[in-house]
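Order-wise, the sequence lines are chains A and B.
Everything in the first sequence is counted per my numbering, starting at 178 for the first residue and increasing by one.
Everything in the second sequence is counted per my numbering, starting at 1192 for the first residue and increasing by one.
To keep things clear, I will list the structure first and then write my remarks on it.
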Amino acid sequence: MKIKRAKKSGNVLVESGPADDLLIGRSECFGAAEKTPFKLKNILVPIDFSTCSKKALQYAIPFARQFNATLTLVHVVQSNYFPGGEFSGGYDFARAEKELRESAGQQLAKLVLEEVDEFVPVKTLVRGGPPVQEIVTAARETESDLILLSTHGRTGLKHVFLGSVAENIVRLAPCPVLVVREHEREFVSN
Amino acid sequence: MRTRKLMANGKRPRGRTAARLSGSRSHAAEVPASASLKLKSVLVPVDFSESSKKAIAYAQAFARQFNAAIILLHVVEAIPWSADYGYGEVRGIGPDEYLVKRCRTRLETLRRRQAQASSRCQTTVRSGKAFDEIVKAAKELDVNLIILATHGHVGLDHTLLGSTAESVVRHAPCPVLIVRQQERDFI
């Protein structure tokens, strides 16, 4: 690659040879961003704090970096509570759920700080309700283009079955779903 | 919803601080800064339906982006046969040669159509149970990603995932991208 001063002041002339194609393909200038057929703006990553769900994050980060996408980490707090005041045995479900949400938010923030480098834009989201529905609505609301999901979260029976949450998300998702498993041949390399 | 990159003092962790924070990360899910996507080959099971065309379109995009090879696969259900060579009847299950031959030519025309778009594309036709052969092919051909469309010929309706896709996701040795006729697409 040669860089010369152009006749017009303040302009630069860049000459690139065939060997520079790779470099140009990777950089954002030279209009390479428009050339790629991918329109991947938002990636939704459901997180349940298991090592398996961290693996989904491990895939999501290079994806986000490659396509300049925003990651949204979502954790769903399932609140199966029992609203009857005096029958609840003095247990304050509403408060418990609030605390769960708060602690989930903190854990997500910690996860982001530990795992995600600062060049990848990340949002975190905590929702309450049945996991599958909440993740699917979160995908709709955040206008996610891809859900990056790991199987064998906490509900999966290892190696044999796909976690039921993952399976149902695949069924109901409004966008393509990339399912990643805990032990497999990977295409993310370090 | 809250955005990240906030420390106690409300500033983004940078430089040395960021390095110190990242030093405490757990080993199990470590992502070095240089982690990148390396996609060598993509397996696309095709059943010649509309939705499998979509899977091919996705595969093309991935192939172009990562300079990967595309492998188109079609699985023909095996048929039971019986024969009598004079020693009593012999039965077995084997490939339907006629169908295999026809599918090979159909897949070949599909490949030729792809050939303009991306350089490396190969085809295979296998015989057996669809999900089993897809998983076996993924293992044997050493693919990094399976791109699968649901609602081929086995899908029930829009709420159900095709049973083949489901089994592939369960048994696949590599990540699986599931593409449906959905509301949003990223290519």
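Every residue gets a Cβ at the ideal spot worked out from N, C-alpha and C, and that includes glycine.
All of these numbers come straight from a predicted model, not from anything done at the bench.
query, result
"Members of the segment 1227-1241 of chain B near chain A, C-beta cut-off 9 Å", "1227, 1228, 1229, 1230 and 1231"
"Per DSSP, cross-strand counterpart(s) of residue 1312 (chain B)", "B:1261"
"Residue from B:1236, B:1366, B:1358 and B:1341 whose Cα sits closest to the Cα of residue 1372 (chain B)", "B:1341"
"Pairwise C-alpha distance: residue 1236 (chain B) and residue 1264 (chain B)", "5 Å"
"Cβ neighbours of residue 250 (chain A) in the same chain (closer than 6 Å, five flanking residues each side left out)", "222, 224, 285 and 301"
"As assigned by DSSP and simplified to three states, the class of residue 295 (chain A)", "coil"
"Cut-off 6 Å between Cβ atoms - residues of its own chain near residue 311 (chain A), not counting five sequence neighbours on either side", "253 and 304"
"Whole-Å CB distance - residue 1362 (chain B) paired with residue 1316 (chain B), under 8 Å assumed", "Not quite, the Cβ-Cβ distance comes to about 20 Å (not below 8 Å), so this is no contact."
"Test item: CB-CB of residue 357 (chain A) and residue 233 (chain A) under 8 Å", "yes"
"Candidates A:307, A:322 and A:319, of which the one nearest residue 345 (chain A) by Cα", "A:307"
"Buried or exposed by the 16-neighbour rule on C-beta atoms within 10 Å, applied to residue 1276 (chain B)", "exposed"
"Positions along the segment 1365-1376 of chain B whose CB lies within less than 9 Å of some CB in chain A", "1365, 1366, 1367, 1368, 1369, 1370, 1371, 1373, 1374, 1375 and 1376"
"Helix, strand or coil at residue 1274 (chain B) [DSSP, three-state]", "strand"
"Spatial distance of residue 239 (chain A) from residue 247 (chain A) (CA atoms)", "11 Å"
"Local Cβ density within 10 Å of residue 228 (chain A), reported as buried at 16 or more and exposed below that", "exposed"
"Assigned exposure category for residue 1284 (chain B) - 16 Cβ within 10 Å defines buried", "exposed"
"Nearest candidate by alpha-carbon position, reference residue 1262 (chain B), set B:1303, B:1273, B:1356 and B:1290", "B:1303"
"The segment 1319-1341 of chain B: positions lying closer than 7 Å to chain A by Cβ", "1335 and 1336"
"Cα-Cα separation, residue 1359 (chain B) to residue 1366 (chain B)", "10 Å"
"Contact list for residue 1378 (chain B) against chain A, beta-carbon separation under 8 Å", "214, 215 and 216"
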